[in-house]
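Trainee:
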Amino acid sequence: MNIKIRKASGIIEDFNPQKLLESLTRSGADREQAEEVVEKLVPEITPFTSTKKIFRLAHKYLRQFNRASVLRYSLKKGLLRLGPSGYPFEKYFGELLGQYGYHADVGIILEGKCVTHEIDVIAVNDAEVVLVECKYRNRPNGAPDVKTALYVHSRFQDLRPVIKERYPDKTFSGWLVTNTRFTSDAIQYANCAGLKIKSWRYPEDNSIEKMIEDRKLYPVTVLSGLNSAQIKRLIDNRLILMKDMATMKAHDIQRMLSVTESRAAKLIEQAGELCLC
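Take any residue in the sequence shown, note its place counting from 1, add 61, and you have its number in the numbering used here.
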């Protein structure tokens, strides 16, 4: 088939059923389920259908098989819901690094060689110190560009001698992280300058998506039934990961979110399904 579809950025491209199939299987649907979803969905795609609508249709058909696959398929949308400010995303990324063996602190003031800097995340393990600049976006477009990469890299260069003096036995690296994607010139500059960057699907072998999926570190924002005020309450209470929600007691979630006990129990059940599958 040769149907043009419209991406969230406004770019027009050919609809690729294979790409959709791969996205569904990555979400946890087995091959047969994914093929059935694509088969149901394709007749509903007309010229210039938005990717948002395609996502919504896939979500609807996937729900017929199992909730865990639906939640996993909602990961990209869940990362966009880590707002409205950038702070929830910073806290979430700090939690991710904590699960990978770092001790992570969020919102730290550090004195550089020339000026003072507010660092989104500083993460330390036995061998390494990582400074992280997080660039949160609540929409898929507006990707961080080369100007952002240049600015962030210069900040890390100002902090490098201070960090090396404070941690003489550890290696140092600076990371620029976003929940969406970088522009091609930002990626080109980062690769040339030695700035580590991490985004949705980049780098392919160690993207933010892969970090999450490898250890099932899904944010609570993948739960579509929560409103922004409830999400804020969870994050304010340092309940950011679904795996942590899965271990909670229903009455604690009930009190935190002002929901019924049965609703709280269902949220915990969904979290458990997602983290165990």
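In this text, a Cβ means the ideal position worked out from N, Cα and C, and glycines have one as well.
1. How long is the line joining the alpha carbons of N181 and I273, rounded to whole angstroms?
2. With a cut-off of 8 Å, do at least 3 Cβ pairs link the region 200–220 to the region 158–169?
3. What residue does the alpha helix (DSSP H) around A90 start on, and which one ends it?
4. Looking at the structure shown, is C175 part of a helix, part of a strand, or coil, going by DSSP?
5. Check E74 in the structure and name its three-state DSSP category.
6. Expressed to the nearest angstrom, what Euclidean distance is found between the alpha-carbon atoms of K293 and R299?
7. Who are W401's beta bridge partners in DSSP?
8. Work out the CA separation of I258 and S245 for me, nearest whole Å.
9. Compare the C-beta of V190 against all C-beta atoms of chain C and say whether one is closer than 8 Å.
10. Taking the straight line between their C-alpha atoms, what separation do you get for V190 and S234?
11. According to DSSP, is T112 helix, strand or coil?
12. Does the beta-carbon of A254 have 16 or more other beta-carbons within 10 angstroms, so that it is buried, or is it exposed?
13. Out of K304, P201, K113, point me to the one whose CA is closest to A334's CA.
14. Within 8 Å, do at least three Cβ pairs link the region 227–241 to the region 121–135?
15. With a threshold of 6 Å on Cβ separation, who are the neighbours of I224 within its own chain once the five nearest residues in sequence on each side are excluded?
16. Is the distance from the Cβ of L132 to the Cβ of Q291 below 8 Å?
17. With E179 and G168 assumed to form a contact (beta carbons below 8 Å), what rounded beta-carbon distance in angstroms separates them?
18. Taking its Cβ as the centre, do 16 or more other Cβ atoms sit within 10 Å of E270, making it buried, or is it exposed?
19. Considering only their Cβ atoms, is the gap separating A119 from L102 smaller than 8 Å?
20. Looking at the secondary structure, which residues open and close the alpha helix (DSSP H) in which K137 lies?
21. Consult DSSP for R67 and reduce its assignment to one of helix, strand or coil.
Mentor: Looking at the atomic coordinates:
1. Just to set this straight, residue 181 is Asp in the shown sequence, not Asn. Cα-Cα distance, rounded: 19 Å.
2. no
3. Unbroken run through A90: none, as it is neither H nor E.
4. coil
5. In the structure shown, the three-state DSSP call for E74 is strand.
6. Approximately 10 Å, taken between the alpha carbons.
7. Outside the modelled stretch of the chain, which goes from 62 to 338, sits residue 401, for which no answer is possible.
8. 12 Å
9. Structure shown: chain C not included; a single protein chain is present.
10. Here the alpha carbon of V190 sits roughly 7 Å from the alpha carbon of S234.
11. helix
12. Counting Cβ neighbours within 10 Å, A254 comes out exposed, since fewer than 16 surround it.
13. Residue 334 is actually Glu in this sequence, not Ala. Among K304, P201, K113, the Cα nearest to that of E334 belongs to K304.
14. no
15. V190, F233
16. Contact flag unset, no.
17. 7 Å
18. buried
19. yes
20. 136–141
21. In the three-state DSSP reduction, R67 falls in the strand class (E or B).
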